[in-house]
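Protein chains in written order, with this note's numbering: chain A, 2 to 331; chain X, 6 to 325.
Below is one structure, written out as structure tokens, with a few remarks after it.
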């Protein structure tokens with residue numbers, strides 16, 4: 002492969018130590034992101050997508066969350082082995098950054114936008130002195146296309162619209178030109194036109210700087226329009242990964258197929274929206290066999306007995322299923 | 006009037022309108038307080054009994070009563086009092102034969118000074134305790150802070166005062182037991198008065214900090230590399246200050262009006278002590294001025310608290 006692997010996550014296990022038990026939120030996840038590539042991490046809520054990204058950032062809930070096994074290699078450094086102060090000083094916001102779910106709540110309401118976007122420059126000492134920080138902020142705000150940034154600098158977040166706020170959040174995240182950007186549902190709270198603008202913005206950043214992106218979403222439509230590859234998560238594990246075309250045309254895992262089936266189509270009026278029957282299993286006490294088995298149309302005795310190994314169906318197209326294959330569209 | 010300006014230019018207008026409305030409300034409260042105190046103080050009995058010897062002839066009693074305007078119906082007495090008060094004349098103290106207003110105003114700086122010192126003491130304890138016990142939730146400092154704060158709330162302030170005197174003035178002999186004159190004098194009364202609200206303030210800061218530290222914007226700050234110190238003491242604390250300021254106003258007002266016990270313990274020459282003495286000697290003019298001034302301070306401090314929100318929280322600044 003000509004492209005350089007930027008991020009390599011190996012057998013990551015993240016547990017949440019809760020009162021009612023140990024929740025195995027991420028249970029042996031391996032994935033990689035190349036330079037300039039966008040990997041879509043897709044799955045329903047509670048599947049471990051966000052916990053995977055928080056593990057990479059080392060931003061797990063302090064009281065309960067811990068990485069119990071696995072490695073996160075970014076540019077040849079294992080982030081799981083770094084001390085916390087080094088992680089904050091040299092990595093977070095500098096080489097790996099995050100745009101979180103909600104633009105409405107991701108900005109501090111009592112500080113100006115200029116102060117907040119300038120913060121990463123100050124932390125990583127990329128601009129010294131008020132003047133230099135201000136100039137850097139104006140530059141990055143205009144990069145995310147905030148109109149007349151030098152005037153908006155002293156405004157507070159509530160004076161911005163939702164789409165503009167998401168741009169501000171993105172500006173904060175990309176301020177120090179990180180190598181990897183984790184975008185956790187960056188468009189889910191925005192209306193469709195702004196979603197498109199955001200996606201355009203991410204693409205542009207990628208073209209300019211070779212930024213690797215992990216896009217976390219439950220919206221397969223958004224994932225299809227921006228991602229190079231897609232990894233589908235279910236109950237703490239990746240069940241299928243492949244490039245976008247393969248995933249949409251030849252998905253082999255029944256869960257991926259079910260997800261694709263649940264996308265409503267324009268003009269579809271004959272039947273009710275498709276929904277996968279049943280619930281995901283408890284991650285405190287997960288089943289030994291395939292975790293999707295109880296909801297799976299292809300379930301056999303083998304599925305309940307053992308977790309399926311990963312099989313490579315085509316170069317780069319990997320699934321964990323005892324009975325992979327083209328699905329019958331329900 | 007509901008102004009809805011979004012730009013700083015209109016801010017002045019917005020705040021002025023709001024300010025005027027609040028001042029008007031405050032005036033109504035003060036008038037209400039003056040009515041209540043005027044009638045209630047007269048329930049305590051006839052001042053003549055205390056002013057004149059018991060064997061005074063009835064004719065003399067009648068004469069003094071007439072001179073002092075005490076023979077009129079109470080409502081009429083109030084109208085006379087209110088009319089004069091508007092002109093700045095609050096009458097003479099029955100006991101000291103001096104203008105009541107002057108008597109009380111003389112004592113006002115001592116009361117405000119003590120209340121400010123007590124407030125500063127409570128903030129100095131509550132903010133670090135609240136912040137640290139939120140950051141290190143469930144740790145030793147959380148438990149200790151809670152215990153120390155609860156202790157202050159559980160002990161009546163006159164008793165705390167006596168205890169402080171016993172320890173620091175009598176046993177250790179490092180602080181003056183009573184009186185005024187130096188910074189050392191204000192220390193013990195301020196602690197006695199300021200310890201009580203520490204518990205409530207700590208709790209407010211702690212719970213506000215817990216909410217804020219859990220928020221998306223703090224996580225966003227972490228995600229771009231902020232150190233915990235900057236996140237906690239700069240970005241989180243300012244958000245957590247909003248609910249704190251609210252109760253600070255209430256407690257400050259309560260300290261202004263409710264300090265008489267502590268003032269008595271430490272022989273602190275404040276308004277509270279003067280008013281309590283005046284109540285016992287049925288010195289109505291002094292009681293009226295004291296209560297009226299306290300209610301003015303109360304209303305003013307609440308107004309200042311409301312206006313200070315705008316400086317802390319820009320959303321309020323522009324929305325109102």
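Note that beta-carbon positions come from the ideal geometry of N, C-alpha and C, so glycine has one too.
For residue i, report the span of its beta strand (DSSP E) as first-last.
i                      : result
residue 18 of chain A  : 6-19
residue 72 of chain A  : 66-75
residue 128 of chain A : Per DSSP, residue 128 of chain A belongs to no beta strand (DSSP E) and is neither H nor E.
residue 241 of chain A : 238-244
Is it right to say residue i is buried, meaning 16 or more other beta carbons lie within 10 angstroms of its own, or is it exposed?
i                      : result
residue 194 of chain A : exposed
residue 281 of chain A : buried
residue 336 of chain A : Residue 336 of chain A is absent from the model: chain A starts at 2 and stops at 331.
residue 76 of chain X  : exposed
residue 59 of chain A  : buried
residue 298 of chain A : exposed
residue 141 of chain X : exposed
residue 254 of chain A : buried
residue 59 of chain X  : exposed
residue 85 of chain X  : exposed
residue 233 of chain A : buried
residue 41 of chain X  : exposed
residue 84 of chain A  : exposed
residue 185 of chain A : buried
residue 301 of chain A : exposed
residue 298 of chain X : buried
residue 30 of chain X  : exposed
residue 26 of chain X  : exposed
residue 16 of chain A  : buried
Name the DSSP bridge partner or partners of residue i?
i                      : result
residue 25 of chain A  : A:16
residue 170 of chain X : Residue 170 of chain X pairs with nothing; no bridge assigned.
residue 43 of chain A  : A:218, A:233
residue 97 of chain A  : A:93, A:181
residue 30 of chain A  : A:13
residue 97 of chain X  : X:104
How would you write the range of the alpha helix (DSSP H) that residue i sits in, first residue to last?
i                      : result
residue 130 of chain X : 105-140
residue 102 of chain X : First-last for residue 102 of chain X: undefined, no H or E at that position.
residue 320 of chain A : Taken as a continuous stretch (DSSP letters only), residue 320 of chain A belongs to no alpha helix (DSSP H), being part of the beta strand (DSSP E) at 318-321.
residue 80 of chain X  : 79-91
residue 83 of chain A  : Premise fails: residue 83 of chain A is in no alpha helix (DSSP H) and is neither H nor E.
residue 334 of chain A : This structure does not reach residue 334 of chain A, given that chain A is present from 2 up to 331, and the question cannot be answered.
residue 303 of chain X : 289-317
residue 285 of chain X : 276-285
residue 303 of chain A : 302-306
residue 212 of chain X : 203-218
residue 270 of chain X : 265-270
residue 163 of chain A : 163-175
residue 153 of chain X : 145-159
residue 222 of chain X : 221-228
residue 261 of chain A : 255-262
residue 70 of chain X  : 63-72
residue 54 of chain X  : 52-56
I want to check one thing, is the minimum distance from the CB of residue i to the heavy atoms of the ligand ZN below 8 Å?
i                      : result
residue 131 of chain A : Among the components of this structure there are no ligands whatsoever, and the ligand ZN is therefore not found.
Put residue i into one of helix, strand or coil per three-state DSSP.
i                      : result
residue 292 of chain A : coil
residue 59 of chain A  : coil
residue 315 of chain A : strand
residue 119 of chain A : helix
residue 37 of chain A  : coil
residue 106 of chain A : coil
residue 213 of chain A : strand
residue 185 of chain X : coil
residue 79 of chain A  : strand
residue 136 of chain A : helix
residue 284 of chain A : coil
residue 197 of chain A : helix
residue 320 of chain X : helix
residue 258 of chain X : helix
residue 192 of chain X : helix
residue 32 of chain X  : helix
residue 205 of chain A : helix
residue 324 of chain A : coil
Give me the chain C residues within the contact set of residue i, using Cβ-Cβ distance strictly less than 7 Å, ordered along the chain.
i                      : result
residue 107 of chain A : Here the protein chains are A and X, and chain C is not one of them.
- Of all the residues that make up the region 231-246 of chain X, which are near chain A by a beta-carbon distance shorter than 9 Å? 231, 232, 233, 235, 239, 240, 241, 243, 244, 246
- Query: Listed in chain order, which residues of the region 47-67 of chain A have Cβ atoms closer than 8 Å to some Cβ of chain X?
  - Reply: 58, 60, 64
- Item | Under 8 Å (Cβ pairs) to chain X, residues found in the region 87-98 of chain A | 89, 90, 92, 93, 94, 95, 98
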